[in-house]
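Comments concern the structure below.
Residue numbers (our numbering), protein chains in the order written: chain A, 124 to 469; chain B, 285 to 463.
This is the structure we're talking about:
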């Protein structure tokens with residue numbers, strides 16, 4: 124591990140915090156000093172020099188300013204960032220797995236644009252680490268949710284170099300980049316978990332979270348499906364942009380999921396119905412679509428077949444999470460060209 | 285002053301070889317100017333600029349090439365031909381997060397061919413353009429700014445802008461490296 128002597132101008136917490144901020148290592152919030160003792164504890168005997176993932180790399184349209192050079196992130200650097208984020212050492216495997224999931228999704232490129240990595244945990248790890256999947260799970264009020272997500276963000280920033288002056292698309296940023304972590308509320312779901320077979324993390328490229336309200340009692344699933352479908356108007360509209368780079372994840376509340384299940388609906392059926400609605404968006408012909416295609420093809424050899432706007436590989440996904448008492452769900456718009464990746468936690 | 289030993293949470297920046305910028309011409313007399321174009325109204329700007337230099341200098345000719353990426357086949361060959369033909373070039377416009385790095389990367393490629401360039405970028409994107417150039421080994425790339433709202437201007441307003449920017453662009457082309 125590369126250690127340095129951090130010059131601290133004064134005594135006490137504020138002086139250390141100022142020194143770390145001055146180094147440019149913080150996301151703007153206070154960080155825990157990554158002393159060798161704390162980093163060693165985070166590593167838990169792992170080799171700090173071991174290469175874990177490579178951030179960036181030759182990803183078209185993503186990180187031009189990095190020079191398309193992949194940046195290796197070793198275990199020691201990741202542990203230092205996990206310490207600064209406030210992680211307990213037992214969270215470290217979840218941080219490592221999350222980074223593997225991100226780098227398996229377009230090598231992290233999509234998470235450096237207008238979206239944030241939404242980390243969804245399944246399996247025993249939720250209880251072992253205290254990752255909330257119920258009330259307020261996306262408010263980052265639980266230490267595990269807040270600090271695992273923040274550790275990932277600090278690695279992208281400090282190791283990957285994902286600062287505002289180096290990024291490709293930072294017109295607005297995204298508040299979820301600080302941390303966007305949840306568990307699936309498997310115990311209250313009528314369906315199989317998103318990722319079964321043990322502890323795992325799945326990463327989605329999320330660009331927001333929008334409440335979906337349907338309070339009617341008894342619940343009529345046809346009406347609920349209609350309301351969920353109408354929420355896809357945002358996705359459909361954004362795909363007319365004219366690049367179809369938005370998809371959707373629905374986080375159904377346990378009550379909404381149970382309403383579907385009680386009427387015999389499988390999760391796959393709900394996903395299929397919503398995917399069909401989401402993808403039915405070429406019925407509107409905007410001049411800008413033809414113009415965009417003309418623009419795209421200007422750089423191509425005229426003897427080659429012209430490029431067409433591709434359909435994303437992704438489809439609507441469904442999770443079940445949140446408190447059990449409410450008739451609300453969430454629609455999470457996602458980047459369509461980043462198919463969610465699941466990585467086991469070992 | 286007290287200090288605290290900490291583990292460095294950053295990765296060392298990749299060291300990039302620094303390239304030598306092309307020699308700058310002292311005049312554009314007898315030279316062929318190239319315009320690498322992308323962005324609405326940028327062609328109006330370059331044509332107005334060409335009229336201005338043609339009125340002041342004995343310009344030998346001009347070439348234009350489309351700035352759209354990625355290039356392939358005959359379009360890519362046309363880009364290479366452009367690089368072989370022109371004596372100096374303007375690359376623009378960097379007006380968004382995608383086209384700014386492209387304009388810069390094209391300018392870097394031309395500089396590597398020995399073609400002196402001036403890259404035109406809107407103010408908010410100069411930092412991104414500068415980073416892009418630095419991380420390719422061209423920290424001294426010559427950059428001049430144009431307003432973000434070029435495409436909102438009338439053609440007459442664009443021509444006035446070309447007059448206003450004329451001296452700055454010529455200076456960026458002709459001022460010797462290091463000055």
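By construction, the Cβ of each residue, glycine as well, lies at the ideal position given by its N, Cα and C atoms.
What you are looking at is a predicted structure, and each value in this text was computed from that prediction instead of being measured.
Hey, could you find the ends of the alpha helix (DSSP H) residue i is sitting in?
| i | result |
| --- | --- |
| residue 313 of chain B | Where residue 313 of chain B is concerned, there is no enclosing alpha helix (DSSP H), given that its DSSP letter is neither H nor E. |
| residue 424 of chain B | Segment: none, residue 424 of chain B is in no alpha helix (DSSP H) and carries neither H nor E. |
| residue 484 of chain A | For residue 484 of chain A there is no data in the structure shown, the boundaries of chain A being 124 and 469. |
| residue 399 of chain B | Note, residue 399 of chain B: premise wrong, no alpha helix (DSSP H); not H, not E. |
| residue 272 of chain A | 266–281 |
| residue 401 of chain A | 390–402 |
| residue 167 of chain A | Per DSSP, residue 167 of chain A belongs to no alpha helix (DSSP H) and is neither H nor E. |
| residue 450 of chain B | 439–458 |
| residue 472 of chain A | The displayed coordinates of chain A run from 124 to 469. Any statement about residue 472 of chain A would go beyond what the structure contains. |
Which chain A residues are close to residue i, counting only those with a beta carbon under 7 Å from its beta carbon?
| i | result |
| --- | --- |
| residue 307 of chain B | Under the 7 Å cutoff, chain A gives no residues; its nearest Cβ is about 25 Å from residue 307 of chain B. |
| residue 290 of chain B | 126, 127, 129, 156, 157, 158 |
| residue 286 of chain B | 131 |
With residue i as the anchor, note down where its beta strand (DSSP E) starts and where it stops.
| i | result |
| --- | --- |
| residue 440 of chain A | 440–443 |
| residue 454 of chain A | 451–458 |
| residue 290 of chain B | 287–291 |
Do residue j and residue i count as a contact pair if the criterion is CB distance below 8 Å?
| i | j | result |
| --- | --- | --- |
| residue 178 of chain A | residue 201 of chain A | no |
| residue 305 of chain A | residue 333 of chain A | no |
| residue 257 of chain A | residue 175 of chain A | no |
| residue 171 of chain A | residue 468 of chain A | no |
| residue 408 of chain B | residue 325 of chain B | no |
| residue 273 of chain A | residue 150 of chain A | yes |
| residue 148 of chain A | residue 281 of chain A | yes |
| residue 423 of chain A | residue 430 of chain A | yes |
| residue 552 of chain A | residue 441 of chain A | Any answer about residue 552 of chain A is impossible in this case: the structure gives chain A only from 124 up to 469. |
| residue 139 of chain A | residue 206 of chain A | no |
| residue 481 of chain B | residue 402 of chain B | What is shown of chain B runs 285 to 463, which leaves residue 481 of chain B out entirely. |
| residue 370 of chain B | residue 317 of chain B | yes |
| residue 126 of chain A | residue 442 of chain B | no |
| residue 267 of chain A | residue 277 of chain A | no |
| residue 198 of chain A | residue 166 of chain A | yes |
| residue 226 of chain A | residue 318 of chain A | no |
| residue 423 of chain B | residue 308 of chain B | no |
| residue 240 of chain A | residue 303 of chain A | yes |
| residue 300 of chain B | residue 379 of chain B | no |
| residue 288 of chain B | residue 156 of chain A | yes |
| residue 335 of chain A | residue 350 of chain A | yes |
| residue 301 of chain A | residue 285 of chain B | no |
Taking Cβ-Cβ distances shorter than 8 Å, what residues in chain B pair up with residue i?
| i | result |
| --- | --- |
| residue 421 of chain A | 350, 352, 359 |
| residue 342 of chain A | Those within 8 Å of residue 342 of chain A in chain B number zero; the least Cβ separation is about 44 Å. |
| residue 148 of chain A | 293, 294 |
| residue 203 of chain A | 290, 291, 292, 293 |
| residue 139 of chain A | 288 |
| residue 218 of chain A | Going along chain B, no residue has its Cβ under 8 Å from residue 218 of chain A, so there is no contact; the nearest lies around 13 Å. |
Determine the chain B residues that contact residue i at a beta-carbon separation under 9 Å, and present them in chain order.
| i | result |
| --- | --- |
| residue 277 of chain A | 293 |
| residue 385 of chain A | Ordered by position in chain B, no residue passes the 9 Å Cβ test against residue 385 of chain A, which lies about 47 Å from the chain. |
Find the residues of chain A that neighbour residue i, judging by a C-beta separation of less than 8 Å, and give them in chain order.
| i | result |
| --- | --- |
| residue 356 of chain B | 422, 423, 424, 427 |
For residue i, which residues does DSSP report across the bridge?
| i | result |
| --- | --- |
| residue 354 of chain B | Answer by DSSP bridge pairing: none, since residue 354 of chain B is not bridged. |
| residue 372 of chain B | B:317 |
| residue 305 of chain A | A:243 |
| residue 328 of chain A | A:240 |
| residue 346 of chain B | B:317 |
| residue 195 of chain A | A:177 |
| residue 378 of chain B | B:405 |
| residue 334 of chain A | A:453 |
| residue 370 of chain A | A:457 |
| residue 464 of chain A | A:326 |
| residue 126 of chain A | B:291 |
| residue 428 of chain B | B:404 |
| residue 375 of chain A | A:443 |
Report the neighbours of residue i on chain B: residues whose CB is nearer than 7 Å to its CB, in chain order.
| i | result |
| --- | --- |
| residue 196 of chain A | 295 |
| residue 151 of chain A | By Cβ distance, chain B contributes nothing, its closest Cβ being about 15 Å from residue 151 of chain A, past 7 Å. |
| residue 281 of chain A | 293, 294 |
| residue 199 of chain A | 291 |
| residue 418 of chain A | 352 |
| residue 207 of chain A | 293 |
| residue 162 of chain A | 291 |
(request) State whether the stretch 452–464 of chain A contacts the stretch 327–337 of chain A, with contact taken as three or more CB pairs (one from each stretch) at a distance under 8 Å. (result) yes
(request) Flag this pair as touching only if the stretch 379–388 of chain B and the stretch 436–454 of chain A have three or more C-beta atom pairs under 8 Å; answer yes or no. (result) no
(message) Below 8 Å, how does it come out for the stretch 343–357 of chain B and the stretch 415–432 of chain B: are there three or more Cβ pairs, yes or no?
(response) When Cβ pairs closer than 8 Å are counted between the two stretches, the stretch 343–357 of chain B is seen not to touch the stretch 415–432 of chain B, the count staying below three.
(message) If contact is defined by three or more beta carbon pairs under 8 Å, each pair taking one atom from either stretch, is the stretch 321–336 of chain B in contact with the stretch 289–303 of chain B?
(response) no
(request) Specify whether the stretch 361–378 of chain A and the stretch 303–316 of chain B touch according to this definition: at least 3 beta carbon pairs, one from each stretch, less than 8 Å apart. (result) no
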